[in-house]
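Note that UniProt numbering gives residue 334 to position 334 of the sequence shown, counting from 1, and the numbers run on in steps of one. The block underneath contains the structure these notes are about, expressed in structure tokens.
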Amino acid sequence: MTLLADNITTEATEHLRLVDTHAAHNYSPLPVVLASAKGPWATDVDGRRYLDCLSGYSAVSFGHGNEEILAAARAQLERVTLTSRAFGHDQLGPFCAELAELVGKQMVLPMNTGAEAVETGIKVARKWGYEVKGVPDNQASIVVAAHNFHGRTTTVISFSDDEEARAGFGPYTPGFRAVPFGDAEALAAAIDETTVAVLLEPIQGEAGVILPPPGYLARVRELCDANNVLFIADEVQSGLARTGTTLACEHYGVVPDMYLLGKALGGGVMPVSAVVADPEVFQALRPGQHGSTFGGNPLACAVGRAVVGLLATGEYQRRARELGAHLEQGLRSLAGRGVTDVRCIGLWAGVDIDPALGSGREVCERLLAHGVLAKDTHGQTLRLGPPLVIQRDEVELAVAALGSALGELAGGK
Ligand SMILES: *Cc1c(COP(=O)(O)O)cnc(C)c1O
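Below you can see the structure in the form of structure tokens.
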């Protein structure tokens, strides 16, 4: 908190005071008060500019105020924004068809937040398990990975092993078994006749951008096939071009039975999430058994269609690959200067900070002073995920700022 305190203005101080007094303390944000943003840049109430290297955990992947997305949203705002699913509307069919085609499946179940997509995936898999696979009532099990992050609802934190996210919120939803991420044999051992699904992030985001070991996801696919188990890929953060492909699973040549999408799907405008799968997976689900007042609303569908349209060109995937390679090269050049490990895929990086230098949070505070917004995860890891509209020189600016931040911490400044 100290870095900006010197030149923080009365206006910013007043905003921080209001938040501290009137917003519940379920976050500890960096001391910055943003007022506007465009592309990869955000501006605070005092006119200072920051390069956004978090992009709302991938929710703003297409950049702040993306003109194509805004145009679609504006046009839809003037037509109709909410009908509820009790009635049809002219954006739902095209959105579902276009998203399904992009992903290579047939059907879409639209929801709002990522956690709701996960909850929906769990419900769909359980229903499928009872009615199609023939699992005895209330016996369904789902195998998940250790150190997963799938959201914040009561059921989802029930299978988290992050004590901060979980402790004090019990009793927990049963029916989940966790195995180490990357250990196919442990996964094989956890599957039995009650298992309806394996739920994984193909690349673990919040855990620190943890890539799966070679062959792991292909082995998961084989195990699911051999045991008549659904493979659910939570691509809420990894999907929609972040890693350089439309879906992170593509890097590993695997096709899961169900994709969970969110974050970037809302174009940085509003929450839009979806479960995408083929009809066999949804076959046990009938009207009245699941839903959402806001899920699949006209405005969300119009925004989602604009996002799918951007992705269909392949341009953002290409940018993520090319600029991601540049980012990785820059980050690797910091090895030995306070960086102990770099994991990078597309424009998504986990950077481990030497604890001797300081915490991830301290690095983020220094970065803020250098005009770069980033977020730590699990103490020592810095997670970078800039908007995919970032330019080459801006990538270099972020890397240089990190170099300076690390230098200051090493120098004890
Ligand atoms: C962010 C995230 C979620 C939860 O999404 P919300 O929109 O915050 O509910 C679920 N899964 C993964 C992999 C995520 O990164």
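The beta-carbon is built from N, C-alpha and C at its ideal position, and this holds for glycine as well. As the structure is a computational prediction, the values presented were derived from the model and not from experiment.
Item	Value
Beta-carbon proximity of R177 to A167, cut-off 8 Å	no
Element boundaries [alpha helix (DSSP H), containing P94]	92-103
Alpha helix (DSSP H) segment containing P279, residue limits	279-282
Cβ-Cβ distance between L199 and D234 below 8 Å	yes
Which listed residue (L347, A405, H378, L367) has its alpha carbon closest to that of residue 442	Since the first residue shown for the chain is 1 and the last is 413, residue 442 is missing from the structure and cannot be characterised.
Own chain, CB closer than 6 Å to N297, minus 5 neighbours either side, in chain order	L82
Cβ-Cβ separation, L310 to V395 (assumed contact under 8 Å), whole Å	Their Cβ separation, rounded to whole angstroms, is 20 Å, which puts V395 and L310 out of contact at 8 Å.
Length of the line joining the Cα atoms of R85 and G208	37 Å
Beta bridge counterpart(s) of D352 as assigned by DSSP	D341, T381
Near ligand 1: H326 beta-carbon under 7 Å from a heavy atom	no
Which residues DSSP lists as bridging D234, in chain order	L260
Cβ separation of L331 and V363, assumed to be a contact under 8 Å, to the nearest whole Å	The pair is not a contact, with the Cβ atoms about 13 Å apart (cut-off 8 Å).
Range of the contiguous beta strand (DSSP E) that encloses S141	141-145
Beta-carbon proximity of L373 to Y27, cut-off 8 Å	no
Buried/exposed call for N66, threshold 16 Cβ in 10 Å	buried
Cβ neighbour criterion (16 or more within 10 Å) applied to T21	exposed
CB contact flag (I157, V303, <8 Å)	no
Between the CA atoms of A73 and F282 - distance to the nearest angstrom	29 Å
When H370, S404, V255 are compared against R48, the one with the closest alpha-carbon	H370
Alpha helix (DSSP H) runs wholly inside the region 57-92, at least 4 long, in chain order	67-79
C-beta atoms of L357 and A410 nearer than 8 Å	yes
C-beta contact flag for C224 and L230 at 8 Å	yes
Contacting residues, own chain, Cβ-Cβ under 6 Å from E206 (five flanking each side not counted)	F149, T377
4 or more residues per run - each alpha helix (DSSP H) lying fully within the region 166-215	184-190
Proximity test, A186 beta-carbon vs ligand 1 heavy atom, cut-off 7 Å	no
Three-way DSSP call (helix, strand, coil) for V308 in this model	helix
7 Å CB neighbourhood of A248 in its chain, flanking five on each side removed	P202, I203, E235, S238, G239
CB-CB length for L260 against V118, believed under 8 Å	6 Å
Those residues which DSSP pairs with L34 across a bridge	D44
Where the beta strand (DSSP E) through V132 begins and ends	It is not in any beta strand (DSSP E) - V132 carries neither H nor E in the DSSP assignment.
Which of helix, strand or coil DSSP assigns to Y316	helix
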